[in-house]
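Some notes on the structure that comes next.
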Ligand SMILES: [Fe+2]
Ligand SMILES: [Fe+2]
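In my numbering, the protein residues as written are 3 to 423.
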């Protein structure tokens, strides 16, 4: 290892700049492969627009500098030092990014042996292995090629790279700043923005969000929770009125049934009466969620028709989720994540859906689906679903405890045939 590394000693400033460029580019390739394989599509990794990830360039330069101090160390100790240095670089970059831009681009909080989510043992081991590959195979080859390049050409290339890098950094930093500003604007103005505007804002940072999936968590923690709180307080004001209806003290309005009649009477949809959900059947659950959403949206002057229909169809999955008995739902798939897609497929098969209804169905598990709903109506349904589900669940829990005490069996969902009788 020591012999191979000796190649770089005595090189000038232009060499260092070109090393930085080459290793930032190699880092970009590593990240693109990693990110694209996870997301199964091409992802332009890194926060720069160009094909460079500077943290890799800096990491490589640090390894080269450190080498001159530890060249006589035993190989194992040398590797350990590289691991520590690269981990320190990663921590420092993460720390600075959080302090300057108030954003966490990556977060290892869920990994074991992490420090403030900025570094973790698993990735430190990976960086150490990468350092081994770097000093043994990559740097000796790159250094050998650079040594034969004319010094003047190298200087021109280094200046061109620095100029390009300067421009890219300016544009990329302003895009990160714009991201934060737009998200803050989205939060402040959420209920004054049209659905098209909200969608536009969320889509305008698609590249950044794909390159750094952790930014979705930022949206989730900073924005979604705020919006959720607002929706909750909006709905709270109409809750009492709606619950009187749901408790059966007043009949459901004719207008509500007129809106959802074709769905309620559809042969395939009626099968939902045969599947148990929380404390009764999926049918009862979706009807309650639909009625709640219809009432809330009506009071809030939103599109209550789409809310009622979307909510009616939000759990249109025809299997017992407790037994995971859907033939097309693979064992390793999680019902919580998958059923909105299945419900949307079923709904689209039997009914004509508009954009709001589609969004309601596909996003009703938010914030489990990280991207927030596009429409205010979807937020209302999301709220109604969670609110009523937890209420149904707690009711069933209380009932099952009472049954246990009295020694009576559990209630089953009605079949469609039983329902007709
Ligand atoms: Fe659901
Ligand atoms: Fe539901």
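For glycine and all other residues, C-beta sits at the position ideal for the given N, C-alpha and C.
*Does the beta carbon of residue 387 fall short of 7 Å from some heavy atom of ligand 1?*
Residue mapping note: residue 387 aligns to position 385 of the chain shown, counting from 1. Yes - ligand 1 has a heavy atom lying nearer than 7 Å to the Cβ of residue 387.
_I'd like to know whether the C-beta atoms of residue 451 and residue 309 end up nearer to each other than 8 Å._
No answer is possible for residue 451: it lies beyond the span of the chain, which begins at 3 and ends at 423.
*Could you check where the alpha helix (DSSP H) with residue 47 kicks off and where it finishes?*
Residue numbering aside, residue 47 sits at position 45 when the chain shown is read from its first letter. Where residue 47 is concerned, there is no enclosing alpha helix (DSSP H), given that its DSSP letter is neither H nor E.
*Name, in chain order, the residues that DSSP records as bridge partners for residue 122.*
Within the chain shown, the letter at position 120 stands for residue 122. Per DSSP, 116.
*asked:* Considering only heavy atoms of ligand 2, does any lie closer than 7 Å to the CB of residue 316?
replied: The residue labelled residue 316 in the question sits at position 314 within the chain shown. Because some heavy atom of ligand 2 lies under 7 Å away, the Cβ of residue 316 counts as near it: yes.
*Note the first and the last residue of the continuous alpha helix (DSSP H) segment covering residue 269.*
To locate residue 269, count along the chain shown from 1; it is residue 267. Residue 269: member of the alpha helix (DSSP H) spanning 269-272, first to last residue.
*Just curious, the alpha helix (DSSP H) that residue 296 is in, first and last residue?*
Residue 296 sits at position 294 when you count from the first residue of the chain shown. 284-301 is the span of the alpha helix (DSSP H), which, as asked, contains residue 296.
*asked:* Can you tell me whether residue 278 is helix, strand or coil according to DSSP?
replied: In the chain shown, the residue the question calls residue 278 occupies position 276. If DSSP states are grouped into helix, strand and coil, residue 278 belongs with the strands.
*Ends of the alpha helix (DSSP H) at residue 111?*
Along the chain shown, one-based indexing puts residue 111 at 109. From DSSP, residue 111 is part of no alpha helix (DSSP H); its letter is neither H nor E.
*Range of the contiguous alpha helix (DSSP H) that encloses residue 96*: Here residue 96 refers to the residue found at position 94 when the chain shown is read from its first residue. Taken as a continuous stretch (DSSP letters only), the alpha helix (DSSP H) holding residue 96 covers 77-103.
*Since residue 31 and residue 140 are thought to touch, with beta carbons under 8 Å apart, how far apart are those beta carbons, to the nearest angstrom?*
As a first step, residue 31 must be located in the chain shown, where it is residue number 29. As a first step, residue 140 must be located in the chain shown, where it is residue number 138. Rounded, the Cβ-Cβ distance is 12 Å, inconsistent with contact.
*Okay, do the stretch 154-162 and the stretch 68-83 touch, 3+ Cβ pairs below 8 Å being the bar?*
no
*Would you kindly check if the distance between the Cβ of residue 85 and the Cβ of residue 133 is under 8 Å?*
Translated into positions along the chain shown, residue 133 becomes position 131. Translated into positions along the chain shown, residue 85 becomes position 83. For residue 133 and residue 85, yes; Cβs fall inside 8 Å.
*State yes or no: is the C-beta of residue 366 nearer than 7 Å to some heavy atom of ligand 1?*
As a first step, residue 366 is located in the chain shown; it is residue number 364 there, counting from the start. Correct: residue 366 has its Cβ closer than 7 Å to ligand 1.
_Looking at residue 261: is its Cβ nearer than 8 Å to the Cβ of residue 311?_
The count along the chain shown starts at 1 and reaches residue 261 at position 259. The count along the chain shown starts at 1 and reaches residue 311 at position 309. Yes, these two residues count as a Cβ contact at 8 Å.
_Counting C-beta neighbours from all protein chains within 10 Å, is the total for residue 41 16 or more, i.e. buried, or is it exposed?_
Locating residue 41 in the chain shown gives position 39, where the first residue counts as 1. Classification for residue 41: exposed.
*Measure the beta-carbon distance from residue 375 to residue 361 and round it to whole angstroms, keeping in mind my assumption that it falls under 8 Å.*
Within the chain shown, residue 375 is the residue found at index 373, counting from 1. Within the chain shown, residue 361 is the residue found at index 359, counting from 1. That belief holds up - the Cβ atoms of residue 375 and residue 361 are roughly 6 Å apart, short of 8 Å.
*If residue 171 sits next to residue 50, beta carbons under 8 Å apart, how far is it from one beta carbon to the other, in whole angstroms?*
For the purposes of this step, residue 171 is taken as residue 169 along the chain shown, with counting starting at 1. For the purposes of this step, residue 50 is taken as residue 48 along the chain shown, with counting starting at 1. With 8 Å as the limit, residue 171 and residue 50 qualify as a contact, their Cβ atoms being about 7 Å apart.
*Roughly how many whole angstroms lie between the Cα atoms of residue 8 and residue 125?*
On the chain shown, position 6 is the one that residue 8 refers to. On the chain shown, position 123 is the one that residue 125 refers to. Confidence at residue 8 is low in this model, with a pLDDT of 45, below 50, so its placement is unreliable and no value can be given for it.
*asked:* By the three-class DSSP mapping on this structure, what secondary structure does residue 155 have?
replied: By one-based count along the chain shown, residue 155 stands at place 153. Of the three classes helix, strand and coil, the one that applies to residue 155 here is helix, per DSSP.
*Inspect the beta-carbon positions of residue 129 and residue 98 and report whether they are closer than 8 Å.*
Here residue 129 refers to the residue found at position 127 when the chain shown is read from its first residue. Here residue 98 refers to the residue found at position 96 when the chain shown is read from its first residue. No. Outside cutoff.
*asked:* Need the endpoints of the alpha helix (DSSP H) that residue 35 sits in, please.
replied: The residue you call residue 35 lines up with position 33 of the chain shown. Note, residue 35: alpha helix (DSSP H), 15-41.
*Are the CB atoms of residue 359 and residue 390 nearer to each other than 8 Å?*
As a first step, residue 359 must be located in the chain shown, where it is residue number 357. As a first step, residue 390 must be located in the chain shown, where it is residue number 388. No, they are not a contact pair.
*Taking the alpha carbon of residue 286 as the point to measure from, which residue in 271, 300, 195 has its own alpha carbon closest?*
Along the chain shown, one-based indexing puts residue 286 at 284. Of the candidates 271, 300, 195, the one whose C-alpha sits nearest the C-alpha of residue 286 is 271.
*Where does residue 104 land, buried or exposed, given buried means 16+ other C-beta within 10 angstroms?*
As a working note, residue 104 is residue 102 in the chain shown. That one is exposed.
*Taking C-alpha atoms, which residue in 109, 210, 346 lies nearest to residue 48?*
Translated into positions along the chain shown, residue 48 becomes position 46. The option with the nearest alpha carbon to residue 48 is 210.
*Would you tell me roughly how many angstroms separate the C-alpha atoms of residue 275 and residue 337, rounded to the nearest one?*
Reading the chain shown from its first residue, position 273 is the one you call residue 275. Reading the chain shown from its first residue, position 335 is the one you call residue 337. The straight-line gap from Cα to Cα measures roughly 19 Å.
*Mind checking whether the beta-carbon of residue 337 lies closer than 7 Å to any heavy atom of ligand 2?*
In the chain shown, residue 337 corresponds to position 335, counting from 1. No.
_Just to confirm before moving on: does the CB-CB distance between residue 319 and residue 265 stay below 8 Å?_
In the chain shown, residue 319 corresponds to position 317, counting from 1. In the chain shown, residue 265 corresponds to position 263, counting from 1. No, the pair does not count as a contact, with Cβ atoms beyond the cut-off.
*asked:* Helix, strand or coil, according to DSSP, for residue 195 in the structure here?
replied: For this step, residue 195 is matched to residue 193 along the chain shown. Here residue 195 sits in coil by DSSP.
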